[in-house]
Amino acid sequence: MTTDLKKRAQSLYWVARELDELCGPEAARPVHAELAVLHKELAEQRLADGDSGAWIDVFAAVTCLGRSGDRDGARGLLAVWREKAEHGRLDEICQELDSLQNWLSSPTAPPHIPSEEKPWAVFAERLVLSQVRRELSAAW
137 MTTDLKKRAQ
147 SLYWVARELD
157 ELCGPEAARP
167 VHAELAVLHK
177 ELAEQRLADG
187 DSGAWIDVFA
197 AVTCLGRSGD
207 RDGARGLLAV
217 WREKAEHGRL
227 DEICQELDSL
237 QNWLSSPTAP
247 PHIPSEEKPW
257 AVFAERLVLS
267 QVRRELSAAW
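In structure tokens, the structure reads:
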């Protein structure tokens with residue numbers, strides 16, 4: 137099921153991107169809302185499977201909710217996942233959630249955010265690097 141959700145999310149991402157570019161952010165809002173639901177489901181499934189990459193989908197869900205214009209929904213999702221991160225003592229994740237909260241509160245908040253400014257994309261890279269470092273340390 138996760139694979140189907142990933143494929144659907146990837147497909148919708150391109151639809152949202154095209155709509156953003158061709159018609160403006162207003163036209164893409166419904167697609168971003170649907171993407172948020174898919175990424176939330178992916179995050180829940182991946183976390184249940186013990187996949188720490190689930191956090192990337194959390195960040196994507198929050199970003200998509202913000203871009204859909206649903207700032208309150210994005211803040212609510214942040215609160216739920218912050219509790220999970222704090223319970224797991226995941227400081228780096230909490231920092232990234234803070235970054236998303238700041239982004240949602242900014243006057244230039246979604247849906248007018250360029251794709252290269254997605255906080256979760258930067259975090260994803262750091263997450264992968266930190267996992268590789270841990271694995272290398274464990275191997276030595």
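In this note's numbering, the protein residues as written are 137 to 276.
Ideal placement from N, C-alpha and C gives every residue a C-beta, glycine not left out.
For residue i and residue j, which I take to be in contact (beta-carbon distance under 8 Å), what is that distance rounded to the nearest angstrom?
i: Ala179; j: Asp156; result: In fact, because the Cβ distance is near 23 Å, the residues do not count as touching under 8 Å.
i: Leu213; j: Lys176; result: 7 Å
i: Arg182; j: Thr138; result: 7 Å
Is it the case that the Cβ atoms of residue i and residue j are separated by a distance below 9 Å?
i: Trp217; j: Trp239; result: no
i: Leu174; j: Leu141; result: yes
i: Ala221; j: Ala197; result: no
According to DSSP, is residue i helix, strand or coil?
i: Glu252; result: Because the pLDDT of Glu252 is 48, which lies under 50, any placement of that residue in the model is unreliable, and the number read from its coordinates should be weighed accordingly. Three-state result, Glu252: helix.
i: Leu236; result: helix
i: Ser241; result: helix
i: Leu178; result: helix
i: Glu228; result: helix
i: Pro247; result: Bear in mind that a pLDDT of 44 at Pro247, under 50, signals an unreliable position, so the number given afterwards is only what the model happens to contain. DSSP places Pro247 in coil when its eight states are reduced to three.
Quick check on the DSSP output: the alpha helix (DSSP H) that includes residue i runs from which residue to which?
i: Ser147; result: 138 to 159
i: Arg218; result: 207 to 223
i: Gly202; result: 190 to 203
Say the cut is 8 Å; is the CB of residue i nearer than that to a heavy atom of the ligand MN?
i: Lys176; result: What this structure holds is no ligand at all, so the ligand MN is not there to describe.
Legend entry - Contact between the stretch 147 to 166 and the stretch 198 to 218 (3+ Cβ pairs under 8 Å): Cβ pair count under 8 Å is three or more, so yes.
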